[in-house]
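Scroll down for the structure; my scribbles are underneath it.
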């Protein structure tokens, strides 16, 4: 269990870094009116997508096996959770799943466009929103404790 928890925690740093790189790259490409390249832009966005999904799978595994996830809800009930417990058991997984849906939609939508500007814009918006949602529900107190 400790290995999964550590994997989820340390992989989060990598995922956040790659997502920030993907969003900054897409915004720079969009505002700079650059050409969307397969060698750089596609790979950065795809790498962010893949790592985000791996992080989600590790997180779901942790959610269903940890005492801070589903077991906390089953034991205490929704009304018995204090704010930190509610963050881990409800808000963090729910919001991060929504964030991953947005990132996945951004990836799927960008493939439908031929123009670089629209590709960059789509990735900027959807990956950016996903990143903001993820950042809003990180248990910061546990990260730096």
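Residue numbers (full-length UniProt numbering): 1 to 145.
Note that the Cβ used here is the ideal one computed from N, Cα and C, for glycine as well.
All values derive from a computational prediction rather than experimental measurement.
In this structure, residue 133 lies away from residue 83, with their beta-carbon atoms at least 8 Å apart.
By the Cβ criterion, the segment 52 to 59 is in contact with the segment 9 to 25, since at least three pairs of Cβ atoms, one from each stretch, lie closer than 8 Å. Here the C-alpha atom of residue 44 lies approximately 20 Å from the C-alpha atom of residue 96. In terms of Cβ geometry, residue 19 and residue 131 form a close pair [threshold 8 Å]. Assignment of residue 81 by DSSP, reduced to helix, strand and coil, places it in the coil class. As the crow flies, the alpha-carbon of residue 49 is around 8 Å from that of residue 107.
About 6 Å separates the beta carbon of residue 4 from that of residue 61, a gap short enough to meet the 8 Å contact definition. With 16 or more other Cβ atoms from the protein chains shown falling within 10 Å of its own Cβ, residue 15 counts as buried.
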